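S.K.: Take 1 as the starting number for the sequence shown in the UniProt record's numbering and just add one per residue.
The beta carbon of each residue, even a glycine, is placed where N, CA and C say it ideally should be.
Nothing here was measured: the structure is a model prediction, and the numbers come from that model.
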Amino acid sequence: MEEEDVKDKSLTKIEEFDPEDRFKPEGTVFLDIDKFSEFARGIPTENPQRLSEPVYIRGMPWKILAIPRDQSRSPNRGAGKCLGFFLQCNGEVTDGENWSCSASALLRIVPQKEGIEANTRRISHTFHPKENDWGYSQFVQCDQLLDEAGGYIKNDLVRLEVDVSADAPHGVHWDSKRHAGYIGLRNQGATCYMNSILQTLFFTNKLRKAVYMMPTDEDDPESSVALAMQRVFYELQFSDTPVGTRKLTKSFGWDAVDSFLQHDVQELCRVLLDNLESKMSNTNVEGTIPKLFKGKMKSYVRCIDVSFESAREEFFYDVQLNVKGKANIIESFRDYTESEVLEGDNMYDAGELGMQKAEKGVKFAAFPPVLHLQLMRFQYDPQQDANVKVNDRFEFPEILQLNEFIDDGGEQDDYTYLLQCVLVHAGDFHGGHYVVYINTNLRSQQPRWCKFDDDVVARCPIREAVQNNFGGDDQETGRSCSNAYMLVYVQKNKLDDVMCSVAEVDIPSHLKQRLENEKEEEMVRRREREHATLFTDVILVSDEHLTDHIGFDVGDYDAIKSGRMGSPIRVAKSSTARDFYKKVSALINVPIESFRLWRYDMVYVSKEDGYNNILESRRPRYYIQCPPENAPQQTSIFYDPKHDNVYYIELGSNQIDPEKMCVVKSQLQPYNNDQMIIAFLKFYNHNRRKISYHGSFLMDMDRPVTNYLDLIRQKLHLAPATELNLYLEVSPDHLYQVHPNEQVPIRSDRHLITDGIIFIAEEVAAVDETNNLPKAFQQMYGRMQIEAVCNADFFATNLNQNPDVIYITIQTDASLDEFCELLGAKLEYDPKKIVLWRSTIPAERPGPIVGQEEFLRYTMQDIVGLNGNVIHDPRSTRPYTVYYSKIPINASKLDEHKHVRVGILDQKLQNKEYSVFPPKDGTVADILECAKEYVEFAPNGSGQLRLVHVTNTPSQSRVYQVVPNETPIAQLTQKTMCHTLASHASPSNLRVEEVPVDQVQLNPNEALLAVGHFEKEPTKMFGTPFFIKIVDGEPFREVKKRVRQALEVSDRDFEKFKFLMVAGNRITKELDQDETPLHTNDVKGPVQTLSDLVVIPYLGIDHANKSRPARSIHAEKAIVIHN
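In structure tokens, the structure reads:
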């Protein structure tokens, strides 16, 4: 439906709601208490309470509950009763349901005589099943109401009313699309701030239309922010259910932790718009965001007594307005544009005109079509020494006139604005909840306000959207900490452009098709997930799968679980054992009576058997019996989620029908669960030095092992007289030799009386000292896979730049020297110059460096942390991590050198850290000599190096002094505030740089001037500081030329720079006149202690820090969109 134009309307009509609408946001409940005199005496005694008829608000039934109550504070229990006056919500719903509904209400006793005011009280409450009524137990004494002179009773009747204003309920079905016409966004944990700004941007129609037009057909579906925004906007426009934002935050490069950090809504708005603006460049929608949101302001300094003015134009995308001490927006704008008089010690330096009294301020040159106003609700309180929220009352109008704030030389227009969005924060500085109220019918004279509270959207009256969010001690709403935090106004004469129609035909067909395909694919995945809940995955393992297995246990369990070894099938979770056997029978084409199923289970070995810290082992050891077809009360065998559902198929010797190619007869040995066990057989081949798998067989525990030696030889295809050594594989790290004895039954050896035992046989004739099963088993156990990872953090050298991970197989008892030889060969680097670091399990980061004494003593199991209760498991596919570093000197000589980290400054003022290794007793000159190989000298440069003392922190990014070459390395710590010369936890305080040609030899009238960058305040420094040369008395324009040459910035950016002299953190002088002379004495000072360095004046450049987004008020991490 077309929205009616509002061009000629100066006031909007008050929104009205249909009283018959069961989902209206507010309404009035009535209750007439007749025979009040009886009610006041508690008659009838069995149930004296009265309950009104329900009035439906937000789909919930609301009633008045009146109860006669004793006066609890009266010493006389016989005193009259009081009226208990309550508002009840959803009173007939049982406690088992989980719902809630927040509401504020005015409880009123209606006067029945002219000239009498209503007796009223307010409440604010969140109603839920355990507290479904709220009000006053003693609203008023009944005797007062019975007195007709009071004017509240007539014909023994008292009339009660309650005006209710309720939020949309939670925990019950709420159809936002039906009740409000729009849908919400699901909260990921703490993303209400993001949901609020996304809804705000969605209702900026021209922006939404431009986002749809952004070319994304070649974009990655997971990392494209533009595509993710298109997806969110499309679903908000056409879906019927709340929209998820996980794909959007994933495109930001955020992880799950980021979704649980609450940020500032205005910061996200700025960062997100910046990202979209950059993505729109070189497209047909380039410039859309600046045209919508960018305004202009002029900052000026105007001398009062002489004719001189300095001014500069700046752009803004939002305006931050003070709330503290201000009554409304107009007062805040006047405060924003109020000029400051510079006089006394703070007089303005007007160059040739000298120090002048002046006024300093800002004027707006143009406001944008869409005006974002951030209300400064958070500020530092020095009394509490903490940031606090300002909840003061601050009024804002629906129609805002801003022409009075436009400079005479600015862009003249009708700057009348209509209020579109009110973003509200409820809570304190540390966190809270964001919602947004939006006038969804802005172009019409009939406003239509809706409250967007994450996934719930509901209509609301203007009063709730606007007046109730002014803040202050609001007795009406009871929400003193809930108030407006950000406002969005749209310029009235730009409504047709900003709020242009965005219909389905405006969306590119290829984008619509792509998003519809995504929705269909998601529906398919959802159906598959629902289907998966009824089934479970089962792995079947047979001897055929195990034929090539040469490792531990009965198959590689990781390979089995992943489906690489065995046959995965899907089985209904409700399947009985009989059902399961039928399915397997059909799958392997073998009759049910011709095979048995054994589930893989954990093998438990008792400490009484002499085994401590033994590795776990899973083997087929739990027999699944197949019940008869007509067996009663069969239950599912897949009920226990702790079981992995891996099954071994035991097959008998089968007779195959050659025509039908199926089993017609099977000789499956009978099994007695109480009498027999299943055993598995392996064989050690001395020629191949491999242990191979050879099937399974059943053993009667009342017979000796000797009875099965012929069967074992037969399965191994050995001659009947072959003599064997027989071992039991207890676990990958334990072998137990079995000594067959005709007189000893299996039952007598506790090692043999469990299902799933593994025999390993070897020929006695092939055994020698170097080649035998115990030795081969030990070597197989001791084999470890090493992941050699370069530790590039500590030693910052070119030798450790982006190396690949190296994989090495070695024994646990190998020496570190052996490992370095293997590593050096793979790296093609001298193994003597490799340093190793101790690791822990899991090795997420390197531990202490391995010293020379430890290097000679340690084995590989020591360096990876295999000690105590930490046991090596050769079956694990995860390699052990060993950290290494390559250094330019022999590692055994490291103790004779000093490791120093220095920054190397290139010709573009980019700083990169490197490690150098001068002699311990050396000087700064030795550091410079070692650093030469990392320096890229300028083609026509001086070819000389110097060591500079610097700091690089958010509050101090400074250059202090050039350290003399003869300074001993041992004294660097005390001379440069470096706590350690080799720390990689923070930037180095030492920097090596080529000496500029004009600074090699300074004349007596020349000096070095430190230069640093900051944004707005000297405590907010950034960038790379540097030195320039100044000549005593030269005009500032010459210094600016050198700065411009050193920074190599564009003329446009350089014009925005403001130059000031700073000492410590205090601005001492503004340098806005090119002819202002600089003197060398002004930038020098006596240096007796390190603290003297800090207060030496430097040239500060005040400009925007483009490398860092604004800080959040809620989260410690700043908002960053990585893609």
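Use the C-beta contact count for F333: other C-beta atoms within 10 angstroms, 16 or more gives buried, fewer gives exposed.
M.R.: Taking the first residue of the sequence shown as 1, we reach residue 333 at position 333. Label assigned to F333: buried.
S.K.: Work out the CA separation of D1102 and V950 for me, nearest whole Å.
M.R.: Translated into the one-based positions of the sequence shown, residue 950 becomes position 950. Translated into the one-based positions of the sequence shown, residue 1102 becomes position 1102. Distance between the alpha carbons of V950 and D1102: 19 Å.
S.K.: Give me whichever residues DSSP pairs with F1022 in a beta bridge.
M.R.: Position 1022 of the sequence shown, counted from the first residue, corresponds to residue 1022. H1013.
S.K.: Which ranges does the beta strand (DSSP E) cover as unbroken runs of at least 3 residues, wholly within the segment 477-533, from first to last along the chain?
M.R.: With a minimum length of 3 residues, the continuous beta strand (DSSP E) runs that stay inside the segment 477-533 are 482-491.
S.K.: Are the CB atoms of E1015 and N1105 within a distance shorter than 8 Å?
M.R.: Mapped onto the sequence shown, residue 1105 falls at position 1105. Mapped onto the sequence shown, residue 1015 falls at position 1015. Contact flag set, yes.
S.K.: Run through DSSP, which three-state label would N195 get?
M.R.: As a first step, residue 195 is located in the sequence shown; it is residue number 195 there, counting from the start. Residue state, collapsed to three classes: helix.
S.K.: Please report the straight-line C-alpha distance between S52 and D32, rounded to a whole angstrom.
M.R.: Start at 1 with the first residue of the sequence shown, and residue 52 comes out as number 52. Start at 1 with the first residue of the sequence shown, and residue 32 comes out as number 32. About 8 Å.
S.K.: Roughly how many angstroms separate the alpha carbons of T840 and G847, rounded to a whole number?
M.R.: Locating residue 840 in the sequence shown gives position 840, counting from the first residue. Locating residue 847 in the sequence shown gives position 847, counting from the first residue. Looking at the two C-alpha atoms, the distance is approximately 7 Å.
S.K.: With respect to the beta strand (DSSP E) encompassing residue 1137, which residues constitute its N-terminal and C-terminal limits?
M.R.: With the chain covering only 1 through 1123, there is no way to say anything about residue 1137.
S.K.: For Q420, count the other beta carbons within 10 Å of its own beta carbon; 16 or more makes it buried, fewer makes it exposed. Which is it?
M.R.: One-based indexing of the sequence shown puts residue 420 at position 420. Buried, because 16 or more other Cβ atoms sit within 10 Å of the Cβ of Q420.
S.K.: For residue 1130 versus R459, is the C-beta distance shorter than 8 Å?
M.R.: The chain is shown from 1 up to 1123; residue 1130 falls before or after that span and cannot be answered.
S.K.: Exposed or buried, which one is F39 when buried takes at least 16 other CB atoms within 10 Å?
M.R.: Stepping through the sequence shown from its first residue, residue 39 is reached at position 39. That one is buried.
S.K.: Can you look up E844 in the DSSP assignment and give me helix, strand or coil?
M.R.: For this step, residue 844 is matched to residue 844 along the sequence shown. In the structure shown, E844 sits in coil (DSSP, three-state: anything other than H, G, I, E or B).
S.K.: Please work out which residues of its chain come closer than 6 Å, Cβ to Cβ, to F680, disregarding the five sequence neighbours upstream and downstream, and give them in chain order.
M.R.: Position 680 of the sequence shown, counted from the first residue, corresponds to residue 680. Answer for F680: V554, S696 and I758, listed in chain order.
S.K.: Hey, could you find the ends of the beta strand (DSSP E) M376 is sitting in?
M.R.: Along the sequence shown, one-based indexing puts residue 376 at 376. Per DSSP, M376 belongs to the beta strand (DSSP E) from V370 to M376.
S.K.: For the segment 690-736, which segments carrying the beta strand (DSSP E) assignment without a break, of at least 3 residues, lie completely within its bounds, in sequence order?
M.R.: List check, beta strand (DSSP E) in window: 690-700 and 724-731.
S.K.: The alpha helix (DSSP H) that contains P290, what's its start and end?
M.R.: Here residue 290 corresponds to residue number 290 of the sequence shown, with the count starting at 1. That run of the alpha helix (DSSP H) goes T288 to F293.
S.K.: Tell me whether N800 sits in a helix, a strand or coil according to DSSP, three-state version.
M.R.: Here residue 800 refers to the residue found at position 800 of the sequence shown. Helix, per DSSP.
S.K.: Is M213 helix, strand or coil by DSSP?
M.R.: Walking along the sequence shown from the start, residue 213 turns up at place 213. Helix at M213.
S.K.: Kindly identify the DSSP beta-bridge partner or partners of A366.
M.R.: The residue labelled residue 366 in the question sits at position 366 within the sequence shown. Answer is K296.
S.K.: If distances are taken between C-alpha atoms only, which option among K832, L799, Q852 and Y883 comes closest to R838?
M.R.: Taking the sequence shown and counting its residues from 1, one reaches residue 838 at position 838. R838 has its Cα closest to that of Y883, out of K832, L799, Q852 and Y883.
S.K.: Beta strand (DSSP E) containing Q141: first to last residue?
M.R.: Start at 1 with the first residue of the sequence shown, and residue 141 comes out as number 141. Note, Q141: beta strand (DSSP E), D133 to Q141.
S.K.: Apart from the five residues just before and just after E742, which ones in its own chain have a Cβ nearer than 6 Å to its Cβ?
M.R.: The residue you call residue 742 lines up with position 742 of the sequence shown. Cβ within range, chain order: P704 and T706.
S.K.: Can you name the residues that DSSP bridges to T536?
M.R.: As a first step, residue 536 must be located in the sequence shown, where it is residue number 536. Looking at the DSSP assignment, T536 forms a beta bridge with V571.
S.K.: May I have the straight-line CA-CA distance separating N1065 from R178, to the nearest angstrom?
M.R.: By 1-based counting over the sequence shown, the position of residue 1065 is 1065. By 1-based counting over the sequence shown, the position of residue 178 is 178. In a straight line, the C-alpha of N1065 is about 59 Å away from that of R178.
S.K.: Take E3 and list the residues in its own chain whose beta-carbon comes closer than 7 Å to its own, dropping the five residues that flank it on each side.
M.R.: Mapped onto the sequence shown, residue 3 falls at position 3. Unreliable placement is indicated for E3, whose pLDDT of 36 sits below 50; the coordinate value is still reported in the next sentence. The residues are N441, R443 and S444.
S.K.: Can you give the Cα-Cα distance for R747 and E522, rounded to whole angstroms?
M.R.: Here residue 747 refers to the residue found at position 747 when the sequence shown is read from its first residue. Here residue 522 refers to the residue found at position 522 when the sequence shown is read from its first residue. Rounded to the nearest angstrom, the two C-alpha atoms are 58 Å apart.
S.K.: Beta-carbon within less than 7 Å of I889's beta-carbon, same chain only, minus the 5 sequence neighbours each way: which residues are those?
M.R.: As a first step, residue 889 is located in the sequence shown; it is residue number 889 there, counting from the start. Cβ neighbours of I889 beyond the five flanking positions: K833, H897 and F917.
S.K.: Return the residue from the list N284, E161 and Q944 that minimises the CA-CA distance to V211.
M.R.: For the purposes of this step, residue 211 is taken as the residue at position 211 of the sequence shown. The shortest C-alpha separation from V211 is found at N284.
S.K.: Between which two residues does the alpha helix (DSSP H) harbouring D824 extend?
M.R.: Locating residue 824 in the sequence shown gives position 824, where the first residue counts as 1. In the sequence as presented, Asp is not what sits at residue 824; that position holds Gly. It spans L816 to L827 - the alpha helix (DSSP H) in which G824 sits, taken as one unbroken run.
S.K.: Going by CA-CA distance only, name the one from N771, G354, A572 and P54 that's closest to N685.
M.R.: On the sequence shown, residue 685 is found 685 positions in, with the first residue counted as 1. That would be N771, whose Cα lies nearest to the Cα of N685.
S.K.: When burial is assigned at 16 or more other CB atoms within 10 Å of the CB, is I304 buried or exposed?
M.R.: Here the question's residue 304 lines up with position 304 in the sequence shown. The residue in question, I304, is exposed, as its Cβ has fewer than 16 Cβ neighbours within 10 Å.
S.K.: Would you decide whether Y648 is buried or exposed? Buried here means 16 or more other CB atoms lie within 10 Å of its CB.
M.R.: Within the sequence shown, the letter at position 648 stands for residue 648. The residue in question, Y648, is buried, as its Cβ has 16 or more Cβ neighbours within 10 Å.
S.K.: For G253, which residues in the same chain have their Cβ closer than 8 Å to its Cβ, ignoring the five residues on either side in sequence?
M.R.: Looking up residue 253 in the sequence shown gives position 253. Cβ within range, chain order: S223, V1120, I1121, H1122 and N1123.
S.K.: With a threshold of 16 other CB atoms inside 10 Å of the CB of I656, please say whether the residue is buried or exposed.
M.R.: For the purposes of this step, residue 656 is identified with residue 656 of the sequence shown, where counting begins at 1. In this predicted model, I656 has a pLDDT of only 49, less than 50, meaning its place in the structure is not dependable; the value taken from the coordinates is given anyway. So I656 ends up on the exposed side.
S.K.: Please name the residue or residues paired with R958 in a DSSP beta bridge.
M.R.: Stepping through the sequence shown from its first residue, residue 958 is reached at position 958. The partner list for R958 (beta bridge, DSSP) reads T951.
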